[in-house]
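Asks: Here the sequence shown is numbered in the working numbering, starting from 1236 and rising by one per residue. Using N, Cα and C, we set each Cβ at its ideal position, and we do this for glycine too. Below: one structure in structure tokens.
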Amino acid sequence: MRLAVIDIGGTFIKYAIINQEGLFLFHGSVPTEALNGSRNLVAKVLGLCDQMMEGFEIEGIAISSAGQIDAMRGVVVFATDNLPGYTGTRLAELVSDHTGLPVRIENDVNCTALGESWKGAARGVRNFLCVTIGTGVGGALFLNGRLYTGAGFSAGEIGHMILYPNGRNCTCGSRGCYEQYASSSALQRLISEEFREQMSIREFFELVKSKDSKALFLFEGWIDDLTTGLQSLVHLFNPEMIVIGGGISAQGNVLQEAIESSLKKKIMPNHQKHLQIKMAEHDNKSNLLGAAKNFLEN
């Protein structure tokens, strides 16, 4: 079986052909251009489906998407202003009507968790948190060997925990949300403010690795905000593992060791004994894998 798999994020739409063993036969990405609205986004998704169907014989379409997703009906039940106008989109129906193929859709971070459980860092782990750090901060809960999605398909919205009451405005409409301080975009904002120049996160991490004092000070402050949020999650769920996904997970050991060192100082001893921190093994491909797994299981 070959599947067309699409991952809809706030910055990029990734797409791939994946077989039932989880092997990538093809993959690529295009800018989301989210500010152009949901109609443009859906049109891009349909165009990618057409493109993949021209090049490959596929039997279904698996979608990973930002937003709160009713996986049973294939509907976006809520999305923040990172994806304007996306709330209410009947995405599975639109794609299925266009292609004539069965479609399954699930939240992107839930897909990351499914992908890492299937082929990645969380293989064989029954209780773990998946935290993706990107445009925002996403979360997924894997409890007792199963994905936990909550009463309204909205569990795991950790990016909208309040870290600083009455803090920065958030796209969800609240203020002081975790993702306004602990996301990659929050780190990028800090870098731009501190260095007053165009510097990528990858270039910033090179400065961190070289022990640049200004970069280290900024990095440690960002890590402190990140692990303060993780502290609450660890005390609440007592997981065996936290899997860190999103593009920033490509920074590997320097990020993992900083999180471990900071978090260890903040959590109670019994929680430390059972906890591992791991980077997602498949970087930004985890949610593509998880979307395929979700389709195959359903």
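Under 8 Å by Cβ, that's how I've got alanine 1515 and threonine 1347 pegged, so tell me the actual separation to the nearest angstrom.
Replies: For this step, residue 1515 is matched to residue 280 along the sequence shown. For this step, residue 1347 is matched to residue 112 along the sequence shown. About 7 Å; that satisfies the 8 Å criterion.
Asks: Since phenylalanine 1440 and glutamine 1486 are thought to touch, with beta carbons under 8 Å apart, how far apart are those beta carbons, to the nearest angstrom?
Replies: Locating residue 1440 in the sequence shown gives position 205, counting from the first residue. Locating residue 1486 in the sequence shown gives position 251, counting from the first residue. So it is a contact: roughly 5 Å between Cβ atoms.
Asks: According to DSSP, which residues form a beta bridge with glutamate 1341?
Replies: What you label residue 1341 is simply residue 106 of the sequence shown in a count that begins at 1. DSSP output for glutamate 1341 lists Ser1299 as bridge partner(s).
Asks: CB-CB under 8 Å to asparagine 1270, same chain, minus the five flanking residues each way: which ones, in chain order?
Replies: Along the sequence shown, one-based indexing puts residue 1270 at 35. Note that residue 1270 corresponds to leucine in the displayed sequence, not to asparagine. Pro1319, listed in sequence order.
Asks: According to DSSP, is leucine 1453 helix, strand or coil?
Replies: Taking the first residue of the sequence shown as position 1, residue 1453 is located at position 218. DSSP places leucine 1453 in helix when its eight states are reduced to three.
Asks: Which two residues bound the contiguous alpha helix (DSSP H) that contains aspartate 1285?
Replies: Numbered from 1 along the sequence shown, position 50 holds the residue referred to as residue 1285. From DSSP, the alpha helix (DSSP H) with aspartate 1285 extends over 1273–1290.
Asks: Output the boundary residues of the alpha helix (DSSP H) element that contains alanine 1493.
Replies: Mapped onto the sequence shown, residue 1493 falls at position 258. First-last of the alpha helix (DSSP H) with alanine 1493: 1488–1499.
Asks: Which ranges would you report for the alpha helix (DSSP H) in the segment 1394–1453 if only whole runs of at least 4 residues count?
Replies: Here the runs fully enclosed are 1414–1417, 1419–1430 and 1436–1444.
Asks: If you draw a straight line from the alpha carbon of glutamate 1414 to that of glycine 1408, how long is it in whole angstroms?
Replies: As a position in the sequence shown, residue 1414 is number 179, starting the count at 1. As a position in the sequence shown, residue 1408 is number 173, starting the count at 1. If you take the alpha carbons of glutamate 1414 and glycine 1408, they lie about 13 Å apart.
Asks: Where do the ends of the alpha helix (DSSP H) carrying valine 1330 lie?
Replies: Along the sequence shown, read from residue 1 onward, the residue named residue 1330 stands at position 95. Unbroken alpha helix (DSSP H) run through valine 1330: 1326–1334.
Asks: Using the three-state DSSP reduction, which class does valine 1360 fall into: helix, strand or coil?
Replies: Residue mapping note: residue 1360 aligns to position 125 of the sequence shown, counting from 1. Residue state, collapsed to three classes: coil.
Asks: Identify the continuous beta strand (DSSP E) that holds glycine 1374 and give its terminal residues.
Replies: Counting from one through the sequence shown, the residue named residue 1374 turns up at place 139. 1372–1378 is the span of the beta strand (DSSP E), which, as asked, contains glycine 1374.
Asks: Taking DSSP as the reference, what is the three-state secondary structure of histidine 1470?
Replies: Position 235 of the sequence shown, counted from the first residue, corresponds to residue 1470. Histidine 1470: helix per DSSP, three-state reduction.
Asks: Which same chain residues end up closer than 7 Å to glycine 1402 when comparing Cβ atoms and leaving out the 5 residues on each side of it in sequence?
Replies: Looking up residue 1402 in the sequence shown gives position 167. Only Arg1410, Gly1411 and Gln1415 meet the Cβ criterion.
Asks: Shortest alpha-carbon distance to leucine 1510 belongs to which of Trp1353, Leu1364 and Glu1256?
Replies: Taking the sequence shown and counting its residues from 1, the one referred to as residue 1510 is at position 275. Nearest C-alpha to leucine 1510: Leu1364.
Asks: Looking at the secondary structure, which residues open and close the alpha helix (DSSP H) in which histidine 1509 lies?
Replies: For the purposes of this step, residue 1509 is identified with residue 274 of the sequence shown, where counting begins at 1. That residue, histidine 1509, is in no alpha helix (DSSP H); it is neither H nor E in DSSP.
Asks: Out of curiosity, what's the CA-to-CA distance linking isoleucine 1304 and leucine 1453?
Replies: The sequence position of residue 1304 within the sequence shown is 69, counting from 1. The sequence position of residue 1453 within the sequence shown is 218, counting from 1. Looking at the two C-alpha atoms, the distance is approximately 35 Å.
Asks: Quick one: is serine 1435 buried, meaning 16 or more other Cβ sit within 10 Å of its Cβ, or exposed?
Replies: Residue 1435 sits at position 200 when you count from the first residue of the sequence shown. So serine 1435 counts as exposed.
Asks: Could you pull the DSSP bridge partners for cysteine 1365 from this structure?
Replies: Mapped onto the sequence shown, residue 1365 falls at position 130. Answer is Ala1375 and Val1478, bridged to cysteine 1365.
Asks: Among the residues of its own chain, which have a CB less than 7 Å from the CB of valine 1489, if the five just before and after it don't count?
Replies: The count along the sequence shown starts at 1 and reaches residue 1489 at position 254. Cβ within range, chain order: Phe1440, Val1443 and Lys1444.
Asks: At what residue ranges does the segment 1237–1270 contain a whole run of the beta strand (DSSP E), taking only runs of 3 or more?
Replies: 1237–1243, 1247–1254 and 1259–1266, all fully within the segment 1237–1270.
Asks: Can you check which of these residues, Tyr1250, Gly1257, Gly1391 and Gly1244, is closest to glutamate 1532 by C-alpha distance?
Replies: In the sequence shown, counting from the first residue as 1, residue 1532 sits at position 297. Nearest option by C-alpha distance: Gly1257.
Asks: Going by alpha carbons, who is nearest to serine 1418 out of Ile1426, Ala1450, Gln1466 and Gly1369?
Replies: Here the question's residue 1418 lines up with position 183 in the sequence shown. Taking only the C-alpha atoms, the option nearest serine 1418 is Gly1369.
Asks: Taking Cβ positions, are arginine 1339 and alanine 1297 nearer each other than 8 Å?
Replies: In the sequence shown, residue 1339 corresponds to position 104, counting from 1. In the sequence shown, residue 1297 corresponds to position 62, counting from 1. Contact: yes.
Asks: For my contact list, arginine 1237 and isoleucine 1293 are in at a C-beta cut-off of 8 Å; report their separation, rounded to the angstrom.
Replies: Mapped onto the sequence shown, residue 1237 falls at position 2. Mapped onto the sequence shown, residue 1293 falls at position 58. Confirmed, Cβ separation roughly 5 Å.
Asks: Taking leucine 1382 as part of the beta strand (DSSP E), name the residues at either end of that continuous run.
Replies: Translated into positions along the sequence shown, residue 1382 becomes position 147. Taken as a continuous stretch (DSSP letters only), the beta strand (DSSP E) holding leucine 1382 covers 1381–1383.
Asks: So for isoleucine 1293, helix, strand or coil by DSSP?
Replies: Against the sequence shown, residue 1293 aligns to sequence position 58. Looking at isoleucine 1293 - three-state DSSP - the assignment turns out to be coil, as it is neither helix nor strand.
Asks: Identify every residue that forms a DSSP beta bridge with lysine 1513.
Replies: By one-based count along the sequence shown, residue 1513 stands at place 278. Answer by DSSP bridge pairing, in chain order: Val1478.
Asks: Rounded to whole angstroms, what's the CA-CA distance from tyrosine 1399 to alanine 1301? Just pull it up for me.
Replies: The count along the sequence shown starts at 1 and reaches residue 1399 at position 164. The count along the sequence shown starts at 1 and reaches residue 1301 at position 66. Rounded to the nearest angstrom, the two C-alpha atoms are 24 Å apart.
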